[in-house]
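In the working numbering, the protein residues as written are 1313 to 1444.
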């Protein structure tokens, strides 16, 4: 069985391989360059929504989700991270019988209150169906 932890690790590895600074949330301290926060993706895995067959009652698969907070010094930086995330993991198949990873939600970039240095973030959610 493909676990939620394994799915999360594959997503993080794909982002890192694509040159995205990917960290697990919460990320209170992100890298800075010259006092400006660097572009980063903060990953928040969600628990699997399991699916069961009616005939035997066993698990037949499930829906795995990850919420990624794209962070930058400006709205354009946060959007650039979202573009890099999509390029790295959009359409990625994470389990042999599963569906491609697809973006299912996105938010507008907003400044994070009381962040020093200034941080702007937006959230994107990716979902995949995993089968056993």
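Quick reminder that beta carbons are idealized off the backbone N, C-alpha and C, glycines included.
- Burial check for residue 1334: the Cβ neighbour count within 10 Å reaches 16 or more, so the residue is buried.
- A distance of 7 Å or more separates the beta carbons of residue 1442 and residue 1369.
- Judged by DSSP in its simplified three-state form, residue 1375 adopts strand.
- In the three-state reduction of the DSSP assignment, residue 1394 falls in the helix class.
- In this structure, DSSP gives residue 1381 an extended state, which the three-state scheme calls strand.
- A straight-line Cα-Cα distance of about 23 Å links residue 1338 and residue 1414.
- Nearest to residue 1422 by C-alpha distance, out of 1382, 1344 and 1328, is 1382.
- Taking 8 Å as the upper bound for CB-CB distance, residue 1394 and residue 1332 are not in contact here, some 10 Å apart.
- Rounded to whole angstroms, residue 1433 and residue 1384 show a C-alpha spacing of 6 Å.
- Residue 1355 is positioned such that its CB atom lies no closer than 7 Å to that of residue 1319.
- Apart from the 5 residues on each side of it in sequence, residue 1362 sits with its Cβ closer than 6 Å to the Cβ of 1371 and 1374 in its chain, given in chain order.
- The secondary-structure analysis by DSSP pairs residue 1415 across a beta bridge with 1438.
- A buried status is given to residue 1396, since no fewer than 16 other beta-carbon atoms sit within 10 Å of its beta-carbon.
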